[in-house]
Amino acid sequence: MEIFLQQLVNGLTIGSIYALVALGYTMVYGVLKLINFAHGDLVALSAYIGLVIMMQLAGALSPAALIIITFLATMVIIAIAGVILERTAYRPLRKAPRLSAVVSALGASLVIENGIMLIWGPMPRIYPASIVPNVNYDLHGVYISLMQILVLVISFVLMIGLYFFVNKTKLGTAMRACAIDQDAARLMGIDVNRVIVTTFIIGSALGAVGGLFIGMYYRGITFNMGWIYGLNAFVAAIIGGIGNIPGAMLGGMLLGIFNALIAGYLSSSWAMALTYVLLIVIMIIRPTGILGERVAEKV
Amino acid sequence: MKRKGLVALVALLVTVLFGFSAMAEGVIKIGVQAPITGKFASEGQSIDKAVRLIVKQVNAKGGILGKKLEVITCDDEGKAVKAAICARKLVDAGVIAVIGSYTSTCAEAAEPIYYRAGVLQTSDGTSDTLVKHGYWTFFRNSSPNSAEAKFTAEFFLKKQHYKRIALISDYSTFSVNLTNAVAKDIKKLGGNIVYQGKIVSGSQNFTPILTKIKSYHPDVIYFGGYYTDGGLIRAQMVQLGIKADFVGGDSNDNPEFLKLAGKAAVGAYLINVPLPNMLPYPAAKEFLKAYRETYHENPASIWTLFNVDGLRVILYAIQQTKSLDTKKIAHYLHYELKDFPGITGPISFAPNGERIGSAYMAYQIGPDLKYHIVYKEK
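Here the protein sequences come in this chain order: C and B.
Under my numbering, residues 1 to 299 are what the first sequence spells out, in order.
Under my numbering, residues 1001 to 1378 are what the second sequence spells out, in order.
The structure is reproduced here in structure tokens:
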């Protein structure tokens, strides 16, 4: 039982990181009907930028202030990167066939990934160990670290915040309107471009938090890690129902726990393979994902 | 026609004159086959520099058997094809012994050429296949991978007395072979392996497999992979409250391991051949001092010193046998040499050219984040 609970804790931690990253996929897809394949690489970029900021400020600030400033600065920088990405890679192709935008997304992904490699080199970079105190809590044999608690709490707060933003604010309502029908939304006086830019800002900033968590929790970061985290988050978004915000959160958590249980009870080499089996099974049973709504086919 | 004849005559004269002077002076030619350029350039250059340093020292004392030593270097770039070309070149140049190469691949590619020419070869290559050809010309001066496995098993059972052992590897050939060899040697000594599994290198999240291992209550978790994963495994072990010891194979021996594991690195064990500056032998201290004074840097790694020992032991054998006949020298090295005081420890050779005894040591990382030797073979 302890083992099972420990695997749940492990799974939830990685799952909430997947969920944060998956939100970026799902929001962009919801509004633009575009899979933003470069999203994972923005996450990797945020881990590197966060490390640079931390190294610059380390020593000058108290740990808590250091963490807060690093998070805020990285989120702002990655949000700007997300907006630049939208301007340069996606907006010129908005009226083009869907495939052009997907190719452009893959291209942008390669540009960011190789850019990281050129700037910071191909060797893994390592986060300092001492930012978050290395405290472990022993709950009757189940261990949870301060860092894990931080990941879980901050992720939940951000996700709940996003949920309220989308459902209770004017901009959030505009976002949902654009997701349903962009042309109709424009006719209703909604500034669609502004909504799209907002979507990229929020999605990228959440991805930035995910990237920082990866760096601070796992410590070692590599220039190509965006691909694997991006892929997992993409799968999480599809499992939950792409375009659906609570779906991305649920999908991320489920995927994290699923991965941990497979790796724990079968073998870690099977975790990735069986993840795709799960994806295929869900696509067959519920093509719109767990929380996705069935959209009536246009005739 | 006339001109050609003249050239030939001059050439003949020159050859005779220089050949004569060389004979009179008496030069013993030593070859160095090493990767002077390419991926392993720093290692290869270090080997070349070290060999030249030793030769200079010997020549300053009047050489060997009244003859001076001369070094001829050939760059094999760490590539098998170039290694074979180098071997031909050095044999044609008339060397009696070749030091190198650094990589197992290059050493193996050159082996048959030296064997057919009766030229002695000594290498630091760790691949087990190097000594399996039955070439009397080949001497391996470092410890092979199988010696690491044997040493690890003895450390586990004779020194640490672990009762429950868990082994992890990644999927690379190196890691799987090393870990399987460790498992085999542990079983041979009657040890109890409670778990053996694999991780996906680079996947960062090892908590699921570690949580599973925790349920087997091991005394030790051994990882026979690379430091990028090993450091994280150690950190996540501590995070999960696993009390077992951590023992890492030689590829965990890297400063990045300490960075990745952070505070969790304290208490971890690593098994590897020693760092040059950890060698306790007087010959080692003397050599390192001379190397630093000559080149204002440290040797690239322990592998430089293994190669230097190869040269020293051959020169010693020449002195002892008072002969330049490679057959006699090889026979002396195989059957008569016992515990020659090498830079890297006592040296003796088995009849297949394998160095007897293992240079492996077990280190524990102390609270000062430095290595402390806790176990070594006598």
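Beta carbons are placed, not taken as given, at the ideal position from N, Cα and C, and that holds for glycine.
Bear in mind that the values here come from a model prediction, so they are computed numbers and not experimental data.
Distance check between residue 1047 of chain B and each of B/1298, B/1337, B/1186, B/1185 places B/1298 closest, using alpha-carbon atoms only. Residue environment: residue 161 of chain C is assigned as exposed (fewer than 16 neighbouring CB atoms within 10 Å of its CB, all protein chains considered). Flagged as an interface residue toward chain B: residue 138 of chain C, by a C-beta distance shorter than 8 Å.
Within 10 angstroms of the beta-carbon of residue 39 of chain C lie 16 or more other beta-carbons, which makes it buried. Using a Cβ-Cβ cut-off of 8 Å, residue 149 of chain C is close to nothing in chain B; its nearest Cβ partner there is about 12 Å away. Taking C-beta atoms as the reference points, residue 1135 of chain B and residue 1111 of chain B count as a pair closer than 8 Å. Contact with chain B is absent for residue 87 of chain C, since none of that chain's Cβ atoms lies less than 8 Å from the residue's Cβ. The CB of residue 1169 of chain B never comes closer than 9 Å to any CB in chain C; the least such distance is about 12 Å.
Against residue 1256 of chain B, the close residues of chain C are 126, in the order they occur along the chain (beta-carbon pairs closer than 7 Å). Taking the Cα positions, residue 131 of chain C is about 8 Å away from residue 67 of chain C. The closest CA to that of residue 1301 of chain B, considering only B/1352, B/1275, B/1122, is found on B/1275. The stretch 1120-1131 of chain B makes contact with the stretch 1097-1111 of chain B; the number of CB pairs closer than 8 Å reaches 3 or more. Residue 268 of chain C and residue 1368 of chain B have their C-alpha atoms some 34 Å from each other.
Annotation: residue 90 of chain C is outside any alpha helix (DSSP H) and is labelled neither H nor E by DSSP. Classified as buried, residue 104 of chain C has 16 or more neighbouring CB atoms from the shown chains inside 10 Å of its CB.
For the set B/1203, B/1208, B/1225, B/1232, the Cα lying nearest the Cα of residue 225 of chain C is the one of B/1203.
The beta-carbon of residue 16 of chain C is placed no less than 8 Å from the nearest beta-carbon of chain B. Within 10 angstroms of the beta-carbon of residue 1325 of chain B lie fewer than 16 other beta-carbons, which makes it exposed.
Identification of chain C residues near residue 1209 of chain B by a Cβ-Cβ cut-off of 9 Å yields 263, 264, 267, 268, ordered along the chain. Under the three-state reduction of DSSP, residue 1280 of chain B is assigned to coil, being neither helix nor strand.
Counting only runs that start and end inside the stretch 78-142 of chain C, the beta strand (DSSP E) elements of at least 3 residues fall at 136-139. The C-beta of residue 75 of chain C has 16 or more other C-beta atoms within 10 Å across all chains shown, which makes the residue buried. A direct Cα-Cα distance of roughly 24 Å separates residue 1350 of chain B from residue 1177 of chain B. Between residue 1366 of chain B and residue 65 of chain C, the alpha-carbon positions lie close to 32 Å from each other. Per DSSP, the continuous beta strand (DSSP E) segment holding residue 1034 of chain B begins and ends at 1027-1034. Scanning B/1341, B/1285, B/1077, B/1056 for the CA closest to the CA of residue 1042 of chain B turns up B/1077.
Along the stretch 1109-1163 of chain B, the alpha helix (DSSP H) occurs as fully enclosed runs of 4 or more residues at 1145-1154, listed in sequence order.
Nearest CB-CB separation between residue 1235 of chain B and chain C: below the 8 Å threshold. Per DSSP, the unbroken beta strand (DSSP E) holding residue 1341 of chain B starts and ends at 1340-1342. Between residue 1333 of chain B and chain C, the shortest Cβ-Cβ separation is not below 8 Å.
Neighbours of residue 1267 of chain B in chain C, taken as residues whose beta carbon is under 7 Å from its own, are absent, since the nearest beta carbon is some 14 Å off. In the structure shown, the three-state DSSP call for residue 1217 of chain B is coil. Counting along the chain, the unbroken alpha helix (DSSP H) around residue 18 of chain C starts and ends at 2-32. Within the same chain, Cβ atoms closer than 8 Å to the Cβ of residue 1371 of chain B are found at 1270, 1275, 1278, 1363, 1364, 1365, the five residues on either side in sequence being excluded.
Burial check for residue 125 of chain C: the Cβ neighbour count within 10 Å reaches 16 or more, so the residue is buried. Chain C has no Cβ within less than 8 Å of the Cβ of residue 1057 of chain B.
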